[in-house]
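See below for the structure under consideration.
Number of protein chains: 2
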Amino acid sequence: MQELFKKAWEKIEKSKNIILAAHINPDGDALGSSLSLYPILKKMGKNVKVFNVTKPLPMYLDFLPNFDKVTDKLPKNYDLLISFDCGSFDRLGIEEKPPFLINIDHHISNTKYGDINIIDSKAASSSQVVYNMLKANNIEIPSESAVCIYTALVTDTGSFQYESVNEKVFEMAAELVKCGVKPDFVAKMLFQRDRLSRLRLLAKAYDTIELCCEGKVAFVEVTKEMMEITGAIKDDTDTIVNSVRAIASVEVACMLREDDDGIKISLRSKNYADVSKVAVKYGGGGHIRAAGATINNEFDFEKVKEMLKKDLKEILKGEK
Amino acid sequence: MQELFKKAWEKIEKSKNIILAAHINPDGDALGSSLSLYPILKKMGKNVKVFNVTKPLPMYLDFLPNFDKVTDKLPKNYDLLISFDCGSFDRLGIEEKPPFLINIDHHISNTKYGDINIIDSKAASSSQVVYNMLKANNIEIPSESAVCIYTALVTDTGSFQYESVNEKVFEMAAELVKCGVKPDFVAKMLFQRDRLSRLRLLAKAYDTIELCCEGKVAFVEVTKEMMEITGAIKDDTDTIVNSVRAIASVEVACMLREDDDGIKISLRSKNYADVSKVAVKYGGGGHIRAAGATINNEFDFEKVKEMLKKDLKEILKGEK
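In order, the protein sequences belong to chains A and B. Counting in the numbering used here, the first sequence runs from 4 upward without gaps. Counting in the numbering used here, the second sequence runs from 4 upward without gaps.
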């Protein structure tokens with residue numbers, strides 16, 4: 004890994020026009036990692052652009068230094084593109100293969116589409132891979148970069164709560180604070196700018212929670228009517244399924260959302276159930292603990308729940 | 004501070020029968036700090052008891068090693084009592100002054116009621132003071148103690164989100180992981196054993212959110228009827244006011260709860276308003292950012308809101 008870090012940095016040093024890019028619909032890690040290198044490369048005298056195909060960008064990340072520099076127009080005539088947190092090339096939203104591509108990620112499923120691939124599946128965030136690369140090359144981390152690296156870490160570990168959190172993660176957090184990060188500022192920006200519409204939607208959705216399979220499975224519903232009444236946007240539904248999974252008895256939580264193109268199901272498991280199997284059955288996909296699919300409109304919520312109940316019973320029987 | 008740490012440890016070494024105690028209605032820091040010394044003192048051959056006057060203890064902390072050892076019967080004939088996270092002697096629930104008392108805390112308001120007082124108001128948790136004391140005396144931290152120290156830290160920093168979180172906090176977290184803490188296990192125990200009744204209560208309560216004062220003030224209501232319909236317990240109301248404060252525009256959130264002895268008001272502010280002033284006016288108390296009071300039964304919710312609106316308008320005008 005140390006050798007890859009050096010090789011990548013050599014390439015960066017030799018390049019003049021550099022693009023920093025992340026996957027479509029970027030989360031904190033994708034955008035934070037992209038933006039973390041911006042001040043450093045600028046200071047090195049590079050012509051740097053931060054590219055993301057998504058418009059508008061998620062507003063909850065607007066406090067990241069240089070957020071306003073992100074563009075959805077891919078510049079022409081560049082030497083090097085660095086991609087962050089992006090599992091496959093098509094998710095960058097770029098048509099032509101770049102002249103040179105450094106691929107920095109922490110997803111084990113990464114398709115290694117770069118000329119240099121730095122994939123560390125043990126890293127808690129892609130920003131930790133960036134951090135390790137900077138350390139390996141003795142690059143000083145300015146406060147603007149540290150905030151981006153730290154924010155990416157916080158969002159990708161659920162505030163230091165996931166399995167990926169180990170001593171190295173905390174050591175990095177300590178270092179980033181030394182570089183100028185104020186953890187309470189980042190937390191306020193991420194978690195203290197909530198929307199009333201979201202709480203109103205939770206009120207409606209939580210009222211529909213239904214437990215079955217001895218409390219191991221929980222369903223929660225979000226209808227178009229709920230969205231309209233509360234003025235909620237799709238982002239407002241993000242945390243619902245996780246909150247329902249957090250019920251003590253629950254192993255699998257499933258949110259059903261009425262979308263234009265069908266019923267969107269979001270599945271989460273807590274300890275052992277592989278919910279990706281169920282998602283795949285309905286033409287979707289995902290991971291063991293988080294998966295989803297869209298089921299077409301010929302069924303209603305009750306019918307879909309009935310089908311899923313059967314599937315989930317099987318899964319819970321087979322495992323653990 | 005180093006000298007105090009040494010003096011306290013010398014006293015511990017000389018004592019045979021030791022009681023570890025914390026304040027009534029203990030939170031994660033109080034109970035975690037008390038329990039953190041238990042395995043260490045046991046190994047030193049001491050006769051150790053962990054005392055807390057509260058019954059039952061909060062169930063969400065039942066995963067702490069030696070949770071089952073906590074007793075609400077104060078043993079007789081002991082040499083030393085160590086109190087943790089307890090601002091004043093009366094909150095220990097002990098009648099007679101102990102023969103010797105070491106008072107370990109991080110609240111600036113601590114009344115220094117001990118024979119030795121180790122109060123570090125810059126510490127993120129009382130457990131950080133314990134940790135520093137162990138370090139200062141070169142005491143090895145067994146995994147059972149580390150889990151208690153870490154849990155106390157997580158609960159008292161809102162999972163590394165409060166102003167008290169600095170590089171030392173993260174360095175300590177890294178050390179505790181080296182001692183055997185699994186951060187994801189602690190997070191699962193603390194945050195993934197939720198009650199359905201709590202979510203059902205949130206559904207009812209969030210439906211009552213009302214913004215005023217240009218969105219700076221938010222009210223939320225919890226009635227007895229809501230509690231009965233949802234089967235919620237008082238603990239289920241704990242996070243409501245914090246979640247309402249998290250709305251972007253809100254500076255002060257206020258929960259009104261219908262209790263047997265009147266209307267309990269819980270006030271939280273985000274950045275600048277001193278809500279303790281309002282609480283004191285109604286015979287309550289608290290801190291700048293978190294305060295509360297109970298208003299007697301002669302008023303209804305609407306009347307109380309009207310009064311509070313006036314008070315809060317004043318406060319918001321005066322400050323910032």
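Positions of the beta carbon are idealized from the N, C-alpha and C atoms, including for glycine. As the structure is a computational prediction, the values presented were derived from the model and not from experiment.
**Prompt:** Is it true that the CB of K49(A) sits closer than 8 Å to the CB of F103(A)?
**Reply:** Contact check for F103(A) against K49(A) fails: the beta carbons are separated by 8 Å or more.
**Request:** Alpha carbon to alpha carbon, how far is P59(A) from P101(A)? Give it in angstroms, no decimals.
**Result:** P101(A) and P59(A): Cα-Cα distance of roughly 24 Å.
**Request:** Report the residues of the region 157–179 of chain B with a CB closer than 7 Å to any CB of chain A, ordered along the chain.
**Result:** Those residues of the region 157–179 of chain B placed with their C-beta closer than 7 Å to a C-beta in chain A are S162, F163, Q164, Y165, E166, V168, N169, E170, F173, E174, A176, A177, ordered along the chain.
**Prompt:** Under the rule that 16 or more other beta-carbon atoms within 10 Å means buried, what is K267(A), buried or exposed?
**Reply:** By the 10 Å Cβ count, K267(A) comes out buried.
**Item:** Cβ pair count under 8 Å reaching 3, the region 185–201 of chain A against the region 246–253 of chain B
**Value:** As far as the Cβ criterion goes, the region 185–201 of chain A touches the region 246–253 of chain B, which means the pair count is three or higher.
**Asked** Looking at N69(B) and L38(B), is the spacing between their C-beta atoms short of 8 Å?
**Response** It is a contact, given that the beta carbons lie within the stated cut-off.
**Asked** With DSSP run on the structure shown, which of helix, strand or coil describes A33(A)?
**Response** Note: A33(A) maps to helix in three-state DSSP.
**Message:** Which same chain residues end up closer than 7 Å to D264(A) when comparing Cβ atoms and leaving out the 5 residues on each side of it in sequence?
**Reply:** Result list for D264(A): T297, in chain order.
**Asked** Taking the alpha-carbon positions, what's the K9(B) to L259(A) distance?
**Response** In this structure, the straight-line span from the alpha carbon of K9(B) to that of L259(A) is close to 59 Å.
**Asked** I232(A): buried (16+ other C-beta within 10 angstroms of its C-beta) or exposed?
**Response** With fewer than 16 Cβ atoms within 10 Å of its Cβ, I232(A) is classed as exposed.
**Request:** Determine, using beta carbons only, whether T158(B) and D30(B) come nearer to each other than 8 Å.
**Result:** The answer is yes: Cβ separation under 8 Å.
**Request:** Sort T160(B), E309(B), E301(B), E261(B) by Cα distance to E213(B) and report the nearest one.
**Result:** Selected option, being the one with the closest Cα: E309(B).
**Request:** Quick one: using the 10 Å Cβ neighbour count with 16 as the cut-off for buried, is S112(B) buried or exposed?
**Result:** The residue in question, S112(B), is exposed, as its Cβ has fewer than 16 Cβ neighbours within 10 Å.
**Asked** If you compare alpha carbons, which of V51(A), A176(A), I318(A), D93(A) is closest to N80(A)?
**Response** Residue V51(A) is the option with its Cα nearest to N80(A).
**Request:** List the endpoints of the continuous alpha helix (DSSP H) containing K227(B).
**Result:** Looking at the DSSP string, the run of the alpha helix (DSSP H) that includes K227(B) is 227–233.
**Asked** At what residues does the alpha helix (DSSP H) containing T154(A) begin and finish?
**Response** Note, T154(A): alpha helix (DSSP H), 146–159.
**Request:** Give the range of the beta strand (DSSP E) segment to which S162(B) is assigned.
**Result:** Here S162(B) belongs to no beta strand (DSSP E), and DSSP marks it neither H nor E.
**Request:** Could you check which residue in V278(A), L137(A), V244(A), H26(A) has the C-alpha nearest to that of E317(A)?
**Result:** Answer by Cα proximity: V278(A).
**Backbone secondary structure at T211(B) - three-state DSSP** = In the displayed model, T211(B) falls within coil according to three-state DSSP, outside both helix and strand.
**Message:** If we define contact as Cβ-Cβ less than 8 Å, is F103(A) a contact residue for chain B?
**Reply:** The beta carbon of F103(A) sits no closer than 8 Å to any beta carbon of chain B.
**Nearest neighbour of I43(B), chosen from L204(B), N106(B), E147(B), K115(B) [CA to CA]** = Relative to the Cα of I43(B), the nearest Cα in the group L204(B), N106(B), E147(B), K115(B) belongs to E147(B).
**Interface flag, Y209(B) vs chain A, CB-CB below 8 Å** = Yes - at least one Cβ of chain A is within 8 Å of the one on Y209(B).
**Asked** On the premise that G90(B) lies in contact with D108(B), defined as a C-beta separation below 8 Å, what is that separation, rounded to the nearest angstrom?
**Response** Taking 8 Å as the upper bound for CB-CB distance, D108(B) and G90(B) are in contact here, some 7 Å apart.
**Request:** Tell whether a beta-carbon distance below 8 Å holds between F87(A) and F163(B).
**Result:** For F87(A) and F163(B), no; Cβs fall outside 8 Å.
**Asked** At least one CB of chain A closer than 8 Å to the CB of L205(B): is that the case?
**Response** When Cβ-Cβ separations below 8 Å define contact, L205(B) makes contact with chain A.
**Whether L83(B) touches S18(B) by CB criterion (8 Å)** = In this structure, L83(B) places its C-beta atom within 8 Å of the C-beta atom of S18(B).
**Prompt:** Which residues in chain B sit within 8 Å of A256(A), going by Cβ to Cβ distance?
**Reply:** What A256(A) touches in chain B: nothing, since even the nearest Cβ is about 11 Å away.
**Prompt:** With a CB to CB cut of under 6 Å and the five nearest residues on each side skipped, what residues in its chain are close to N120(A)?
**Reply:** Cβ neighbours of N120(A) beyond the five flanking positions: N106.
**Asked** Nearest-angstrom Cα distance between A235(A) and D65(B)?
**Response** Spanning the two alpha carbons is a distance of roughly 38 Å.
**Message:** 8 Å is my cut-off, CB to CB: does Q131(A) come that close to chain B?
**Reply:** Interface annotation, Q131(A): not in contact with chain B, CB-CB separation never under 8 Å.
**Asked** Out of A293(A), Y116(A), A190(A), which has the shortest C-alpha to C-alpha gap to D325(A)?
**Response** Outside the modelled stretch of chain A, which goes from 4 to 323, sits residue 325(A), for which no answer is possible.
**Request:** Report the residues of the region 239–255 of chain B with a CB closer than 9 Å to any CB of chain A, ordered along the chain.
**Result:** Within the region 239–255 of chain B, the residues whose Cβ lies closer than 9 Å to some Cβ of chain A are S246, V247, R248, A249, I250, A251, S252, V253, listed in chain order.
**Asked** With DSSP run on the structure shown, which of helix, strand or coil describes T114(A)?
**Response** If DSSP states are grouped into helix, strand and coil, T114(A) belongs with coil.
**Message:** For a cutoff of 8 Å on Cβ pairs, would you count L202(B) as touching chain A?
**Reply:** Taking a beta-carbon distance threshold of 8 Å, L202(B) counts as an interface residue toward chain A.
**Request:** Identify the continuous alpha helix (DSSP H) that holds I43(B) and give its terminal residues.
**Result:** Looking at the DSSP string, the run of the alpha helix (DSSP H) that includes I43(B) is 41–46.
**Prompt:** Mind pulling the chain B residues with CB within less than 9 Å of R198(A)?
**Reply:** Within 9 Å of the CB of R198(A), the CB atoms of chain B belong to I250, A251, in sequence order along the chain.
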